[in-house]
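Chemist: Sequence lines, in order, name chains X and V. Residue 583 in our numbering sits at position 583 of the first sequence; the count goes up by one each step and never skips. With the second sequence counted from 1, adding 1000 to any position gets you our numbering. Before I ask anything, here is the structure I am working with.
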Amino acid sequence: MTALDEVKIGGMGASRRRVEDNRFIRGKGNYLDDITLPGMLHMEILRSPVAHARINSIDTSKAWAMPGVRLVLTGEMMASRNLAWMPTLSYDTQAVLATDKVRFQGQEVACVIADDPYIAKDACQAIVVDYEPLPVIVNPQQSMAESAPVIRDDKVNQPDNVIYDWEVGDKESTDRAFAEADVVSKLELHYPRSHPSPIECCASIADFDRATSKLTVYLTTQAPHIIRAAVALVAELPEHMIRVISPDIGGGFGNKVPVYPGYVASILASILLERPVKWIEDRTGNLISTGFARDVYLQGELALRRDGKILGVRMNTLADHGAFFSDAQPSKFKIGLIHSAFACYDIPTAHLQARGVYTNKAPGGVAYRCSFRVTEAMFFQERMVQAAADDLGMDQAEFRRVNFVRDDDFPHRTPFGFLTDSGQYAKCLDVGLEAIGYQDFLKEKEEAAKRGRLLGIGISTMTEPLGAGNSREYDILGIKMFDSAELRIHMTGKALLRTGAKSQGQGHETTWAQIVAHELGIPAQDVVVEEGDTDTAPFGMGTYASRSTPVAGAAVAMVSRKIRAKARKIAAHLLEISEEDVEWELGRFYVRSNPERGVTIQECAAAAYSNMPDGMEPGLENVAYYDPPNLTWPFACYIATVEVDPETGVWDVLRVVAVDDCGVRINPMIVEGQIMGGLTEAYAMANMQFITFDEEGNCIGANFTDYLLPTAWETPGFELHEVVTPCPHHPIGAKGIGECAAVGGPAAFVNAVMNALQGTGVRNIDMPVFPDRVFRALQTREDIGGAPPVRAEV
Amino acid sequence: MTSLFEEISPTPADEVPVRQITLTVNGQRRSAVVEPRLLLVHLLRQGFRLTGTHIGCDTTNCGACTVLFDGTPIKSCTMLAVQTDGHEVMTVEGLAGPSELHAIQEGFKEEHGLQCGFCTPGMMMTSKALLEENPNPTEDEIRWALGGNLCRCTGYQNIVKAVMWAAGKLDGAGGGENAETEEVTS
C-alpha cells in the first residue's frame, strides 16, 4: 500500500481547477437577479437629487394611481413601524427612508413596489418631493468649521459634526523621540474616497410567508449570519424565523458587508404585501449610496537618526465618514486597524491621533479589499518611508532594510501594540530587488535622465494584520469574530462541508475541500462545499478583511481533525487493536507494528454507520468553532517601475514585481489570482479610480463612464514571486492574502512616480496621480493635493 | 405579453403599445410580444430565462451583458429587444451543448480566468467574436478586444491566457500551456 499523493487527491499545494467554474462558465451561476419566485413583485428606490435639504412634503398620489403599482413606501410609513432608522455596524444610526431631512445625494427617500421594474421606475418619477435646500458640507475641513451646520441634528448629544476623537500609542515617549531626532521628516497626504464597485450591484429578495411566519431573504451579502442577527434586531422578528440566503455573489470587496436601506425596505414590503419583493440596485445607486472606502487625510511625521534608524512615528488622521458612521469594522477601533501602520519596522514608539467627522456625502468606510483601514495605514506608511529616505538622501531599499524587524526578533510588538509572529522581510525585499534588477534600473534611470527622460522605481513593503480576530479584541456589535465549519462524512466516504464564511469569487468550494483532503485524505472531488444559507451553515462572521482562510479555513482543518480523532477509534475497532497502536498516514490508519494492515478513511466512514464499536455514537460528523489566537501577518514587497512623460505628465508602468509571503499556500493558482486582482485595484487607485463631489455635494463619478475602472488594455502585466514563512499559530500555517496587493500596491505606483520626479522638489501628488496633476507638479515644483474641493481638474 | 416580470400582470394596461418580434436565439427561432422600450437583456433574462447574460452597469461600460448580435459583440443592456427582430442573438448558453464545453469555456477554467464569475459570460462572448475574426491574436490584440469588458477580480492577466489557451486548442494544437497539475475534478 503506497501512501496517497496529496497533490493528486487535490490536497494542499495543488493548483486544483475550480469547482465553481463548472457552472459559471456555462452561464449557470445562481446570482441574486437570476432568482425568480412565484408571484414576485419588484421594488425601485427614489433617491434624493440633492445633498442636504429639509423634506417639506412627499406626494405619492400619482404613483399610487399608476396601474401595476402595489405599494409606495415613505419614511413616514417606515417610522410608524419604527423602521425609519436602523443601527449601523459602528453603533450609529442610518436612515432607511428619509423622514426629516436628506443628508447626502442619493439618499433613499421612497420606494415603489410594482408588478414590473419598468412600472416601478415610472412610478418613482411620479413621486413629488418638496426639498428645502440646506448648506452643504463636502469635506472634513468645512465640517469642523465653527459655522458649520450640524448634519446629524436627529441625534441627541451631537452638538457638532465630530464622530470621534481617538488616540493610540504613547504620546509622551513619542514626543521625546522627536525631541531627540536628528531629522524630522513630514508628509501630508489624502487617501481619496474610492468605491469598491463589484460588477454585480447590491440586491435582495424578501419573501415573507404568512402561513409559516417565516421570512426568507436572499441577499448579496458577504456576511449572511450578521445580517440575520441585524434583521432580527431591526425588524423585531424572531431570529429562528429568519433565513438569509446569500447565493452566488458577483464580487464583494467589502461593498456587500453593510446592511443597506433597500434590504430593509424590501423586507417590510414583503411583510405588508405577503408576496416576494425583489430589489435590484442600478449602478448609479450602487456608486452614490453604498459603502465607499477611504477618504482619510494624514499629517505624518517620522523622527529619524542620521544613519536611517526610525526613532518614532507621529500620525494625525482626519476621516470623512459621510452622513452616517457606518464603517464595517471591529467595535473598539474607531478608525479600524489604521494603527497597524509601521508593523514591519522596528520602531520604539509611536502615537496616532484620529478624528472622524460627518459630511453630506454617502456613508461608508467599508473595508474595500482591506482589513479595516489597513489600506490607508500601509499607504501612509510607505509614502512616509519613501519621503524619509529621500529627506536623508538614503537609498530607499537600504532605508527599509535598516528598519525592518529581523527574522530572529519574533514575536515582535509593533509600535502601536500589535504582536507580529513571523516573517522574512529582508529576504522578500531581496527577492523583489533581484527580480526587478534594482541596481541596473538605477543606472538606466541615471542614463535616461541625461536624455531628459524620467524613469522611476517605487517600492512598497509591508506586513498587515489579516484574519480578525481573536475574540478578546475583535467583535462586531458585540458578536465575537470567530468562524466555523461543519463536516459530514457520508457512509461511502464522500463528504459535505459547510462554513460560516461566504465566497464571492475566492473559490471556497475548491480550497476548503483541499484542506479536508489534506487533513483526512478524502479526495477533494469527494467533498462538496456549501456556504451562505443561515438555515444550514453554522454561525460565522463571513468573508471580508481576508479572514476566510485565517479563520474559517482554520475551522475546516480543526473539524477535520475532530473527524479523524473519531475515525481513529473506529479504525482501532476494525483492526482489533488498541487506539495507541494505530498510526495515521494520509487517508489511512494502520497498525504500527504491521503497516501493511490498515483501513482507509472511507472504510472507517462506512463503519461509522454500519459497524461502530460498542457504545460509540453512530455517524461521522462534527462542527468546529475557531477563535484564532492572533491575527495572521503576511508580508509583501511590491516594486513598480514607471516612465513619466515630462511633456504631458502621463506615466506608463514598465514593470510590476510582487513578492508575497502568505505562509503556506493551499491552492497556488488561486493565491496568484488574488494577488493579480489586488495589484489591479492598486493600480486603479493610483491611476484612475476617482469618485468625488462638487461644492453642492453632487457625486462626480456616479456611473462607469465617469468613475474609471481599469480595463485589460490599461492594466499592466504582473510578475509574481513567493517566499513562504508559515504562520506559527494557524493549523495549516496559512496567512490571509486576498487584500495584500490592494493594500500594499498603491504606494509602489505612487512612489515610482515620485521617484521619477526626484530632484524637482515635489514630494507628493495625491491619488489618483492623474497626468494633469503630474504635469502641474512639474511646472510649479510644488506638491499637489487632491482635495478639497473637489472637482476633477481635467 | 406586455410584462415579462410577472406571470402576466393581472391588469395589463391597455394603452401600453406592444410589438411582436421574431428572432433566432442560440440557433432557435423565438417569438415575443414586447413593449418597444424593453431592453434586449431583459428579454433574454426574463423572457427566455437565459440568465447567463448579466447586468452590471446600465451604461454600456462593463460588458457583463455582452451577447453576439449577428456574430458581433454588443451590450444587450443598451439595445432594445425590438431591434433584434429578424436577427440572430447568441448568449453564453449557446456556446456549447449541455454536455460539452467550448474551447473558450475550457480555457477560462484551465487558466483561472474567472473568480466571481459575473463578468465571465460577457468576456467569453467577446472572446468568441475575436477568435472568429482573428484565430491567433497577440496579447495586445486580446487586451484591446476585451477593452469593453470590465473585470474586478482577476486583473485580466489570466483572462488573456485563457483566450490564448482557447486559440491554441481551436487551432488544433490541443490546448495552450499545459495544466500545472493533474485535473481531479470533472
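Even for Gly, the Cβ is constructed at its ideal location relative to N, Cα and C.
Measuring only between beta-carbons, confirm whether V/Arg1019 sits less than 8 angstroms from chain X.
Modeler: Within the second sequence, residue 1019 of chain V is the residue found at index 19, counting from 1. V/Arg1019 does not count as touching chain X.
Chemist: According to DSSP, is X/Cys124 part of a helix, a strand, or is it coil?
Modeler: Here residue 124 of chain X is taken as the residue at index 124 of the first sequence, counted from 1. Reduced to three states, the DSSP call for X/Cys124 is helix.
Chemist: What does a CB cutoff of less than 7 angstroms around X/Thr290 pick up in its chain, not counting 5 residues either side in sequence?
Modeler: Translated into positions along the first sequence, residue 290 of chain X becomes position 290. Taken in chain order, the residues that qualify are Cys202, Asn255 and Tyr260.
Chemist: By how many angstroms is the C-alpha of X/Leu586 removed from the C-alpha of X/Ile732?
Modeler: Looking up residue 732 of chain X in the first sequence gives position 732. Looking up residue 586 of chain X in the first sequence gives position 586. Taking the CA atoms as reference points, X/Ile732 sits about 15 angstroms from X/Leu586.
Chemist: Tell me the residue span of the alpha helix (DSSP H) that contains X/Leu520.
Modeler: Looking up residue 520 of chain X in the first sequence gives position 520. Start and end: His508 to Leu520.
Chemist: Report yes or no: is there a C-beta of chain V within less than 8 angstroms of the C-beta of X/Asn703?
Modeler: For this step, residue 703 of chain X is matched to residue 703 along the first sequence. Yes - at least one Cβ of chain V is within 8 angstroms of the one on X/Asn703.
Chemist: Could you work out which residues of chain V lie near X/Pro198, taking near to mean beta carbons separated by less than 8 angstroms?
Modeler: Indexing the first sequence from 1 puts residue 198 of chain X at position 198. Cys1116, Phe1118 and Arg1152, listed in chain order.
Chemist: Does any CB atom of chain X fall closer than 8 angstroms to the CB of V/Arg1143?
Modeler: Counting from 1 along the second sequence, the entry for residue 1143 of chain V is found at position 143. Judged by the 8 angstroms Cβ criterion, V/Arg1143 is in contact with chain X.
Chemist: With respect to the alpha helix (DSSP H) encompassing X/Arg795, which residues constitute its N-terminal and C-terminal limits?
Modeler: Chain X is shown from 1 up to 794; residue 795 of chain X falls before or after that span and cannot be answered.
Chemist: Let me make sure I understand the geometry here. Which of X/Val72, X/Pro618, X/His195 and X/Tyr263 has the alpha-carbon closest to that of X/Met491?
Modeler: Taking the first residue of the first sequence as 1, we reach residue 491 of chain X at position 491. Out of X/Val72, X/Pro618, X/His195 and X/Tyr263, X/Pro618 has the C-alpha closest to the C-alpha of X/Met491.
Chemist: For V/Gln1157, which residues in chain X fall below 7 angstroms Cβ to Cβ?
Modeler: In the second sequence, residue 1157 of chain V corresponds to position 157, counting from 1. Under the 7 angstroms cutoff, chain X gives Met676, Gly717 and Phe718.
Chemist: Is there at least one Cβ from chain V nearer than 8 angstroms to X/Lys28's Cβ?
Modeler: Position 28 of the first sequence, counted from the start, is the residue given in the question as residue 28 of chain X. At a cut-off of 8 angstroms between beta-carbon atoms, X/Lys28 makes contact with chain V.
Chemist: Mind checking X/Tyr91: buried by the 16 CB within 10 Å criterion, or exposed?
Modeler: Walking along the first sequence from the start, residue 91 of chain X turns up at place 91. Exposed, by the Cβ-count rule.
Chemist: Is it buried or exposed, X/Leu215, if we count other Cβ atoms within 10 angstroms and call 16 or more buried?
Modeler: Residue 215 of chain X sits at position 215 when you count from the first residue of the first sequence. So X/Leu215 ends up on the buried side.
Chemist: Tell me, please, which residues DSSP counts as bridged to X/Ala495.
Modeler: Looking up residue 495 of chain X in the first sequence gives position 495. Answer is X/Ile489 and X/Val527, bridged to X/Ala495.
Chemist: Taking DSSP's pairing of strands, which residues face X/Tyr31 in a bridge?
Modeler: As a working mapping, residue 31 of chain X is identified with position 31 in the first sequence. Bridge partners of X/Tyr31: X/Asp248.
Chemist: Using beta-carbon positions only, say whether X/Pro728 and X/Asp421 come within less than 8 angstroms of one another.
Modeler: Along the first sequence, one-based indexing puts residue 728 of chain X at 728. Along the first sequence, one-based indexing puts residue 421 of chain X at 421. Their beta carbons are under 8 angstroms apart, which means X/Pro728 touches X/Asp421 by this criterion.
Chemist: What does DSSP give as the partner residues of X/Ser484 in its beta bridges?
Modeler: Position 484 of the first sequence, counting from 1, holds the residue named residue 484 of chain X. In DSSP, X/Ser484 forms a bridge with X/Tyr625.
Chemist: V/His1054 touches chain X at which residues, Cβ-Cβ below 8 angstroms?
Modeler: Counted from its first residue, the second sequence places residue 1054 of chain V at position 54. Under the 8 angstroms cutoff, chain X gives Tyr31, Asp33, Ile199, Glu200 and Gly250.
Chemist: Pull up the DSSP beta-bridge partners for V/Ser1031, would you.
Modeler: For the purposes of this step, residue 1031 of chain V is taken as the residue at position 31 of the second sequence. Residue pairing by DSSP places V/Ser1031 opposite V/Thr1022 in a beta bridge.
Chemist: Please state whether DSSP places X/Pro669 in a helix, a strand or coil.
Modeler: Locating residue 669 of chain X in the first sequence gives position 669, counting from the first residue. Strictly speaking, residue 669 of chain X in this sequence is Met, with Pro absent from that position. Of the three classes helix, strand and coil, the one that applies to X/Met669 here is helix, per DSSP.
Chemist: Terminal residues of the continuous beta strand (DSSP E) containing X/Asn316?
Modeler: Position 316 of the first sequence holds residue 316 of chain X. From DSSP, the beta strand (DSSP E) with X/Asn316 extends over Ile310 to Asp320.
Chemist: Per DSSP, what kind of secondary structure is X/Asn56 in: helix, strand or coil?
Modeler: Taking the first residue of the first sequence as 1, we reach residue 56 of chain X at position 56. Strand at X/Asn56.
Chemist: What does a CB cutoff of less than 6 angstroms around V/Cys1151 pick up in its chain, not counting 5 residues either side in sequence?
Modeler: Here residue 1151 of chain V corresponds to residue number 151 of the second sequence, with the count starting at 1. Excluding residues within five positions, the ones whose Cβ falls inside 6 angstroms are Cys1119.
Chemist: Using the Cβ count rule (16 or more neighbours within 10 Å means buried), how would you classify V/His1087?
Modeler: The sequence position of residue 1087 of chain V within the second sequence is 87, counting from 1. Looking at its Cβ environment, which holds fewer than 16 other Cβ atoms inside 10 Å, V/His1087 is exposed.
Chemist: So the candidates are V/Gly1147, V/Gly1047 and V/Val1016; which of them puts its Cα closest to the Cα of V/Thr1022?
Modeler: Taking the second sequence and counting its residues from 1, one reaches residue 1022 of chain V at position 22. Looking at the Cα atoms, V/Gly1047 is the closest of the given residues.
Chemist: Would X/Ile601 and X/Leu487 qualify as a contact pair, given that the criterion is a beta-carbon distance under 8 angstroms?
Modeler: Translated into the one-based positions of the first sequence, residue 601 of chain X becomes position 601. Translated into the one-based positions of the first sequence, residue 487 of chain X becomes position 487. No, they are not a contact pair.
Chemist: Would a check of beta-carbon distances place V/Gly1147 closer than 8 angstroms to chain X?
Modeler: As a first step, residue 1147 of chain V is located in the second sequence; it is residue number 147 there, counting from the start. Contact of V/Gly1147 with chain X is assigned, a C-beta pair being separated by under 8 angstroms.
Chemist: How about V/Gly1052 and X/Lys480: are their beta carbons less than 8 angstroms apart?
Modeler: In the second sequence, residue 1052 of chain V corresponds to position 52, counting from 1. In the first sequence, residue 480 of chain X corresponds to position 480, counting from 1. Cβ atoms of V/Gly1052 and X/Lys480: not closer than 8 angstroms.
Chemist: V/Phe1108 versus chain X: which residues are under 8 angstroms apart at the beta carbon?
Modeler: Indexing the second sequence from 1 puts residue 1108 of chain V at position 108. At a beta-carbon threshold of 8 angstroms, the residues of chain X lying near V/Phe1108 are Asp21 and Ile25, ordered along the chain.
Chemist: Nearest-angstrom Cα distance between X/Val313 and X/Gly432?
Modeler: Taking the first residue of the first sequence as position 1, residue 313 of chain X is located at position 313. Taking the first residue of the first sequence as position 1, residue 432 of chain X is located at position 432. X/Val313 and X/Gly432: Cα-Cα distance of roughly 26 angstroms.
Chemist: Given a cut-off of 8 angstroms on the beta-carbon distance, is the pair X/Lys278 and X/Met462 in contact?
Modeler: Within the first sequence, residue 278 of chain X is the residue found at index 278, counting from 1. Within the first sequence, residue 462 of chain X is the residue found at index 462, counting from 1. Not in contact: X/Lys278 and X/Met462 (Cβ atoms no closer than 8 angstroms).
Chemist: My parser needs the beta strand (DSSP E) runs of 3 or more residues fully inside the segment 167 to 248 of chain X; what are they?
Modeler: 183 to 191, 203 to 209, 214 to 219 and 242 to 245
Chemist: Per the contact definition of three or more C-beta pairs closer than 8 angstroms, is the segment 733 to 747 of chain X in contact with the segment 531 to 550 of chain X?
Modeler: yes
Chemist: For the alpha helix (DSSP H) that contains V/Gln1115, what are its first and last residues?
Modeler: The sequence position of residue 1115 of chain V within the second sequence is 115, counting from 1. It is not in any alpha helix (DSSP H) - V/Gln1115 carries neither H nor E in the DSSP assignment.
Chemist: Grab me the residues of X/Val357's own chain with a C-beta within less than 8 angstroms of its C-beta, minus the 5 sequence neighbours each way, in chain order.
Modeler: Along the first sequence, read from residue 1 onward, the residue named residue 357 of chain X stands at position 357. Only Pro140, Ser143, Met144, Asn161, Val162, Ile163, Leu318, Ala319, Asp320 and His321 meet the Cβ criterion.
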